[in-house]
Amino acid sequence: MPPPVFRFAPSPNGYLHLGHARSALLNFDLARETGGRFLLRIEDIDTTRCRPEFEAAIYEDLAWLGLSWETPVRRQSEQLARYRDAVERLQAEGLIYPSFESRTEIARLVAQKEAGAPWPRDPDGAPLYPGVAKQLAPEERERLISSGAPYALRLDMAAACAQAKHLVWTEHGEGPDGEQGAVTARPEDWGDVILARKETPTSYHLSVVIDDALQGVTDVVRGRDLFWSTSVHRLLQSLLGLPQPLYRHHPLMTDAAGQKLSKSTGAMALRELRAAGATPADIRRMAQLP
Numbered sequence: 317m318p319p320p321v322f323r324f325a326p327s328p329n330g331y332l333h334l335g336h337a338r339s340a341l342l343n344f345d346l347a348r349e350t351g352g353r354f355l356l357r358i359e360d361i362d363t364t365r366c367r368p369e370f371e372a373a374i375y376e377d378l379a380w381l382g383l384s385w386e387t388p389v390r391r392q393s394e395q396l397a398r399y400r401d402a403v404e405r406l407q408a409e410g411l412i413y414p415s416f417e418s419r420t421e422i423a424r425l426v427a428q429k430e431a432g433a434p435w436p437r438d439p440d441g442a443p444l445y446p447g448v449a450k451q452l453a454p455e456e457r458e459r460l461i462s463s464g465a466p467y468a469l470r471l472d473m474a475a476a477c478a479q480a481k482h483l484v485w486t487e488h489g490e491g492p493d494g495e496q497g498a499v500t501a502r503p504e505d506w507g508d509v510i511l512a513r514k515e516t517p518t519s520y521h522l523s524v525v526i527d528d529a530l531q532g533v534t535d536v537v538r539g540r541d542l543f544w545s546t547s548v549h550r551l552l553q554s555l556l557g558l559p560q561p562l563y564r565h566h567p568l569m570t571d572a573a574g575q576k577l578s579k580s581t582g583a584m585a586l587r588e589l590r591a592a593g594a595t596p597a598d599i600r601r602m603a604q605l606p
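My numbering numbers the first residue of the sequence shown as 317 and each following residue consecutively.
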């Protein structure tokens, strides 16, 4: 039986913080305890925010923590053709359609709909797509695309769920409400999610399932904030005929206000903690790991 495969997959859009350290160390420790493999993947599809200096800092910080990983490191920006192939496959099955509304237009549509009653929102709190692009005639879609209009490629969730039917995943960690074991996926809660854009041939949801499959990842260990995203991932795995890994979602590191540590909210970076005198052992204790 082949050894289990774990991975840590950060985005180089900022410096790693304590929450990243917990996830990376958990994956590394589990790989070592089980005689498995530990992979590092750079998720750099967001070309507007990802920068080479942040990628270099990822390698530096992880090495300082005592982690080692297999090389070469997989970088998503070098795999765009694979993601494009998957999009074309789903398009050929009639499961993807383009939408042309801007974020501002979508916000206006949601506000109009909420004038009568609350509009449904996904597990992250974002409103479900309220547009009517799915009903556009093929000729109108082609006209808009030919005109150079920006667009997003969305999964027709109703059609996709009808094709995939009942989906579950095996949870070895714990969900927000204590979910464990066989968890029923609820991809419909996310509405018609974006799988790609005109300028970017993939999204997080699509690229992560393709990468995990191609790298032979058997165990996905990540933060609990991604627990219900697994519903979309299980759906895409089913549609694309990809293997299903085991999942282990761990508690998030939070600040004094109880908010999860985030680059966007200025969480103290590992390099700042190191400069202040912290050792790798201190980081383990701060991350509540043995």
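For glycine and all other residues, C-beta sits at the position ideal for the given N, C-alpha and C.
Selected residue, minimal CA-CA separation from residue i, among the options
i: Leu614; options: Ser523, Arg357 and Arg323; result: Limits of the chain in this structure are 317 at one end and 606 at the other, which puts residue 614 out of reach.
i: Trp385; options: Arg348, Ala478 and Pro567; result: Arg348
i: Ile526; options: Arg405, Leu378 and Leu334; result: Arg405
i: Ala585; options: Pro320, Ser463, Pro318 and Arg338; result: Arg338
i: Thr363; options: Met473, Ala433, Glu394 and Leu530; result: Glu394
i: Pro559; options: Gln604, Val499 and Gln531; result: Gln531
i: Trp380; options: Leu605, Ile599, Pro606 and Gln604; result: Ile599
i: Ala476; options: Ser547, Gly441 and Val524; result: Ser547
i: Pro517; options: Leu396, Ile358, Arg459 and Leu605; result: Leu396
i: Leu556; options: Gln604, Glu409, Ala594 and Ser462; result: Glu409
i: Ser519; options: His566, Ala478, Leu471 and Gly494; result: Leu471
Neighbourhood of residue i by C-beta distance below 8 Å, restricted to the same chain and skipping five residues each side
i: Ala435; result: Here residue 435 is Trp; the residue named in the question, Ala, does not match the sequence. Cβ neighbours of Trp435 beyond the five flanking positions: Val426, Lys429, Pro443, Leu444 and Pro446.
i: Pro561; result: Asp528, Val533, Thr534, Asp535 and Val536
i: Leu522; result: Tyr399, Ala402, Val403, Leu511, Ala512 and Leu552
i: Leu568; result: Gly335, Gly539, Arg540, Asp541, Lys576 and Leu577
i: Glu515; result: Pro466
i: Gln407; result: Leu469
Nearest-angstrom beta carbon gap, residue j and residue i [assumed within contact, 8 Å]
i: Ala501; j: Val484; result: 6 Å
i: Tyr563; j: His488; result: 7 Å
i: Ile361; j: Gln392; result: 5 Å
i: Val321; j: Gly352; result: 6 Å
i: His549; j: Val509; result: Actually they are not in contact, since the Cβ atoms of His549 and Val509 sit about 11 Å apart, beyond 8 Å.
i: Ala298; j: Ser554; result: Summary: the structure shown does not reach residue 298, with the chain confined to residues 317 through 606, and so no result is reported for it.
As assigned by DSSP and simplified to three states, the class of residue i
i: Pro328; result: coil
i: Glu455; result: helix
i: Tyr467; result: coil
i: Val548; result: helix
i: Ser384; result: coil
i: Arg365; result: coil
i: Ser578; result: coil
i: Arg502; result: coil
i: Ala512; result: strand
i: Gly335; result: helix
i: Asp535; result: strand
i: Val321; result: strand
i: Tyr413; result: strand
Close beta carbons around residue i, own chain, < 7 Å, minus the five adjacent residues each side
i: Asp438; result: Leu444, Asp505, Trp506 and Gly507
i: Leu383; result: Ala340 and Phe344
i: Pro492; result: Arg540 and Phe543
i: Cys366; result: Ser327, Pro328, Asn329 and Asp360
Neighbourhood of residue i by C-beta, 6 Å cutoff - its chain only, sequence neighbours within 5 removed
i: Glu490; result: Gln496
- Query: Do the segment 412-420 and the segment 373-388 make contact, defined as three or more Cβ pairs closer than 8 Å?
  - Reply: Result no; under three Cβ-Cβ pairs closer than 8 Å.
- Quick check: the segment 319-336 against the segment 542-549, are there 3 or more CB pairs under 8 Å? no
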